[in-house]
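Going by the UniProt record's numbering, the first residue of the sequence shown is number 1, and it counts up by one from there.
C-beta: ideal position from N, C-alpha, C; glycine also.
Computed from a predicted model, the values in this text were never measured in an experiment.
Have a look at the structure below before the remarks.
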Amino acid sequence: MNGDIEKIMISEEQIAVKVKELGGILAEEYRDKNPLLICVLKGAIIFMADLIRQMDIRCEMDFMAVSSYGSGTESSGMVRILKDLDTSVQDRHVIVVEDIMDSGLTLSRLVELLRHREAASVKVVTLLNKPDRRKVEITPDYSGYDIPDEFVVGYGLDYAENYRNLPYIGVLKPEVYAK
Ligand SMILES: O=P(O)(O)OC[C@H]1O[C@H](OP(=O)(O)OP(=O)(O)O)[C@H](O)[C@@H]1O
Ligand code: HPA
Ligand SMILES: [Mg+2]
1 MNGDIEKIMI SEEQIAVKVK ELGGILAEEY RDKNPLLICV LKGAIIFMAD LIRQMDIRCE
61 MDFMAVSSYG SGTESSGMVR ILKDLDTSVQ DRHVIVVEDI MDSGLTLSRL VELLRHREAA
121 SVKVVTLLNK PDRRKVEITP DYSGYDIPDE FVVGYGLDYA ENYRNLPYIG VLKPEVYAK
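Laid out in structure tokens, this is it:
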């Protein structure tokens, strides 16, 4: 696992500081709004788990699974709903929680869907943002780190379903892709 990593881009300590900061900002903004945090499975699960514990307010969580990447490193452009929400978003203040905004396709489709379902408000929080890769016009409402156009793994992010359990954000050695 660790041996497959070429470099650590964002350390465990840096992530913790940023997650605490984002949690504090969201708690302030959403106090008394009982927001519904939607975790976009699977990548956002680790971020969601840490973020929600840094929000000292009443809030709820739900989960959605969508897929655009399959097992590769390029978005297919199609966003399929693999698992839908259990909760109605109608008249709810929704915060979509993501690990990364890359092409922006996943989040733009998701935000559109949640607005169509008549959420009171829809905002996006992402730990990582890759603005250079955007294919649609969308900006995260809250973002942890802007990162360069490199494929990253760890802290929920996978390559072919592996490496999600690394506690930091890293870049794989090129030979890993050749396997
Ligand atoms: O901005 P985009 O180009 O749409 O890419 C971002 C999305 O792609 C990844 O998920 P993926 O669909 O690979 O599923 P996963 O979360 O289960 O890994 C990532 O977790 C985001 O959800
Ligand atoms: O850089 C990335 N790493 C892992 N999954 C991703 N999905 C979009 N971008 C990425
Ligand atoms: Mg994802």
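Exercise. Is Ser67 helix, strand or coil by DSSP?
Worked result: strand
For this session: Quick one: measure Cβ to Cβ for Met55 and Gly23, integer angstroms, because I've assumed they're closer than 8 Å.
Result: 5 Å
For this session: Spatial neighbours of Lys18 within its chain, please: CB distance less than 6 Å, with the 5 preceding and 5 following residues excluded, ordered by chain position.
Result: Short of 6 Å from the beta carbon of Lys18, and not among the five residues preceding or following it, lie these beta carbons of its own chain, in chain order: Gly144.
Problem set entry | Gly3 burial status per 10 Å Cβ neighbour count (16 or more: buried) | Burial call: exposed.
For this session: May I ask you to list the residues that DSSP assigns as paired with Gly154?
Result: Leu157
Exercise. What are the boundary residues of the beta strand (DSSP E) that includes Lys173?
Worked result: Taken as a continuous stretch (DSSP letters only), Lys173 belongs to no beta strand (DSSP E), as it is neither H nor E.
Exercise. Contact between the stretch 153-171 and the stretch 5-18: three or more CB pairs below 8 Å?
Worked result: Three or more Cβ pairs closer than 8 Å define a contact, and the stretch 153-171 meets that threshold against the stretch 5-18.
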